[in-house]
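Peer 1: Residue numbers (my numbering), protein chains in the order written: chain V, 1 to 218; chain G, 1 to 218. Ideal placement from N, C-alpha and C gives every residue a C-beta, glycine not left out.
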DNA sequence: TAGATTGTTAATCGATTAACAATC
DNA sequence: TAGATTGTTAATCGATTAACAATC
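(1) Give every residue of the same chain whose Cβ lies closer than 7 angstroms to the Cβ of residue 58 of chain V, excluding the five residues on either side of it in the sequence, and list them in chain order.
(2) May I ask you to list, following chain order, the residues of the segment 189-201 of chain G that have a beta carbon less than 9 angstroms from some beta carbon of chain V?
(3) For a minimum of 4 consecutive residues, which ranges assigned as the alpha helix (DSSP H) are wholly contained in the segment 36-91 of chain G?
(4) Between which two residues does the beta strand (DSSP E) carrying residue 99 of chain G extend?
(5) DSSP has residue 175 of chain V in a bridge; who is on the other side?
(6) Is it true that the segment 86-103 of chain V meets the segment 91-100 of chain G, where meeting means three or more beta-carbon pairs spaced less than 8 angstroms apart?
(7) Give the secondary structure of residue 180 of chain G by DSSP, where H, G and I count as helix, E and B as strand, and everything else as coil.
(8) List the residues of chain V that residue 209 of chain G touches, going by C-beta distances under 8 angstroms, in chain order.
(9) Between the segment 110-128 of chain G and chain V, which residues of the former have CB atoms less than 9 angstroms from a CB of the latter, in chain order?
(10) With distance defined between alpha-carbon atoms, name the residue in V:147, V:142, V:179 and V:128 nearest to residue 167 of chain V.
(11) Taking contact to mean 3 or more Cβ pairs, one atom from each stretch, closer than 8 angstroms, check whether the segment 8-22 of chain G and the segment 112-128 of chain G are in contact.
(12) Buried or exposed: where does residue 37 of chain V fall if 16 or more other Cβ atoms within 10 Å of its Cβ makes it buried?
(13) In chain order, what residues of the same chain have a beta carbon less than 7 angstroms from the beta carbon of residue 112 of chain V, not counting five sequence neighbours either side?
(14) Indicate whether at least one CB of chain G lies closer than 9 angstroms to the CB of residue 156 of chain V.
(15) Rounding to the nearest angstrom, what Cα-Cα distance links residue 131 of chain V and residue 125 of chain V in this structure?
(16) Using 8 angstroms as the threshold, is the segment 191-201 of chain V in touch with the segment 200-213 of chain G, meaning 3 or more CB pairs across them?
(17) Using the Cα positions of residue 185 of chain V and residue 162 of chain V, report the straight-line distance between them to the nearest angstrom.
(18) Determine which residues share a DSSP beta bridge with residue 118 of chain V and list them.
(19) Among G:156, G:70 and G:138, which residue has its Cα nearest to the Cα of residue 31 of chain G?
(20) Compare the C-beta of residue 149 of chain G with all C-beta atoms of chain V and state if any pair is closer than 9 angstroms.
(21) In chain G, which residues lie with their C-beta within 8 angstroms of the C-beta of residue 106 of chain V?
(22) Check distances from the C-beta atoms of the segment 45-60 of chain G to those of chain V and list, in chain order, the residues that come in under 8 angstroms.
(23) Quick check on this structure: which residue in V:180, V:174, V:148 and V:198 has the alpha carbon closest to the alpha carbon of residue 187 of chain V?
(24) Does the beta carbon of residue 219 of chain G sit closer than 9 angstroms to a beta carbon anywhere in chain V?
(25) With DSSP run on the structure shown, which of helix, strand or coil describes residue 112 of chain V?
(26) Pick from V:209, V:149, V:43 and V:53: whose alpha carbon is nearest that of residue 169 of chain V?
(27) Output the distance between the C-alpha atoms of residue 33 of chain V and residue 52 of chain V, rounded to the nearest integer angstrom.
(28) In the DSSP assignment, find the alpha helix (DSSP H) that holds residue 9 of chain G and state where it starts and stops.
(29) So what does residue 129 of chain V bridge to, in DSSP terms?
(30) Out of V:14, V:159, V:39 and V:128, which has the shortest C-alpha to C-alpha gap to residue 198 of chain G?
(31) What are the residues in the segment 5-22 of chain G lying within 8 angstroms of chain V by C-beta distance?
(32) Nearest by alpha-carbon distance to residue 105 of chain V: which of G:133, G:156 and G:40 is it?
(33) Please list the partners that residue 87 of chain G has in chain V, where partner means a Cβ-to-Cβ separation under 7 angstroms.
(34) Assign residue 63 of chain V to one of two classes, buried (16 or more other C-beta atoms within 10 Å of its C-beta) or exposed (fewer than that).
(35) Strictly under 9 angstroms for the Cβ-Cβ distance: is residue 29 of chain G near chain V by that measure?
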């Protein structure tokens, strides 16, 4: 019954791929031809064996005593994630968080290109944020189809989130990345991923509390 | 050797606690005295048994045939996370993302209160963002100590991230929540949590790619 | 009492880690 | 060749799920 937010194999590994990619691109830019699992492990602050396991997923074989070919890993990861060519994406809800995402350089360097923004704030409609034009919600359906957008980023207030998502689905969107903590449902064929900022904070404050907030020893 | 980003028990459960809390507060506001694991499971889109396992961590016992006392759960979770009383926090880097976090209502309803912001942009220094004054970096150390800030949120560009973190540690900060994807190290006694936006997107695009981007069947 | 829901104990599943063989 | 690093296979660990007893 319960739709399960997203059921996919090797989730932890996939979540780490963008970090690998970032490191690998840096190395590549510096002209480093090879990289060892030990180096990546150090950068990622995980164990080397876990790196090797993760890289298995890319299908790239390393060379004993030498390491992995940096460029091969870069392209394999990009391919695995479908980030080879940037995916056209739209942003719904161009408030402060939405605008921050539009301007987020890393985001636009990795996998997606935001080609349109939607907001119902009259002051924003028609303006351009980080080079992306803001359209009213009323044009959502038309533009989704014209631009064949498969992935949408949603940053609207909780009370309109479900309605926005419904419109996106109607417009043919296949994947939704949502930053609103409302209870959303989508049809079977649509995938969605909620980004929950609070969960990271929870981990941090739980640790802080465990340690005792005023433990002043080293 | 490797410092391990954060080693803590029941991590997945802790990450879910804020979502529970949100739902429970809503129920509480509506005057619902009891809640069943089945209801929570439905809202969270997970299995009921997992909810019961999660709630074990709070130490609250349910009543067979009736459910859990909503208010008891709310306070137990708040207590567990140390969110009973808001923790004074500062924000370093009041760029677009930083400003968005400052204005993020949920964040300020849950566990933390941002009492100061720091940025080196002269145009921002001395102004107030969402009611929080922006100070220059040069006053970091002084204010951290005066305000006894234990937790800091970092939204600065990668190239200054380590230096900012070092200053925070020097100023007595014990926990750092960082939104920059640079390789950061902190001393043993400081905990930090990196928020990696890209990892959520990776999951989404990996799924989208697996399904085939133009699979137009139902 | 009967029945719904919790709590407990065991089973399963998957991720991480360890040990070591393979290889350039 | 010797040695460093990968790849493989097995062990461990922890999270989720299942089965069912306990209880109001």
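Peer 2: In short:
(1) 73, 76, 77 and 80
(2) 189, 191, 192, 193, 194, 195, 196, 197, 198, 199, 200 and 201
(3) 37-44, 48-56 and 70-81
(4) Run containing residue 99 of chain G: none in the beta strand (DSSP E); it sits in the alpha helix (DSSP H), 96-103.
(5) V:151 and V:191
(6) yes
(7) coil
(8) 80, 81 and 82
(9) 110, 111 and 112
(10) V:142
(11) no
(12) buried
(13) 86, 87, 89 and 151
(14) no
(15) 13 angstroms
(16) yes
(17) 7 angstroms
(18) V:92 and V:135
(19) G:70
(20) no
(21) 181, 197 and 198
(22) 45, 46 and 47
(23) V:174
(24) Limits of chain G in this structure are 1 at one end and 218 at the other, which puts residue 219 of chain G out of reach.
(25) strand
(26) V:149
(27) 18 angstroms
(28) No alpha helix (DSSP H) holds residue 9 of chain G; DSSP gives it neither H nor E.
(29) V:132
(30) V:14
(31) 5, 6, 8, 11, 14, 15, 16, 17, 18, 19 and 22
(32) G:156
(33) 205
(34) exposed
(35) no
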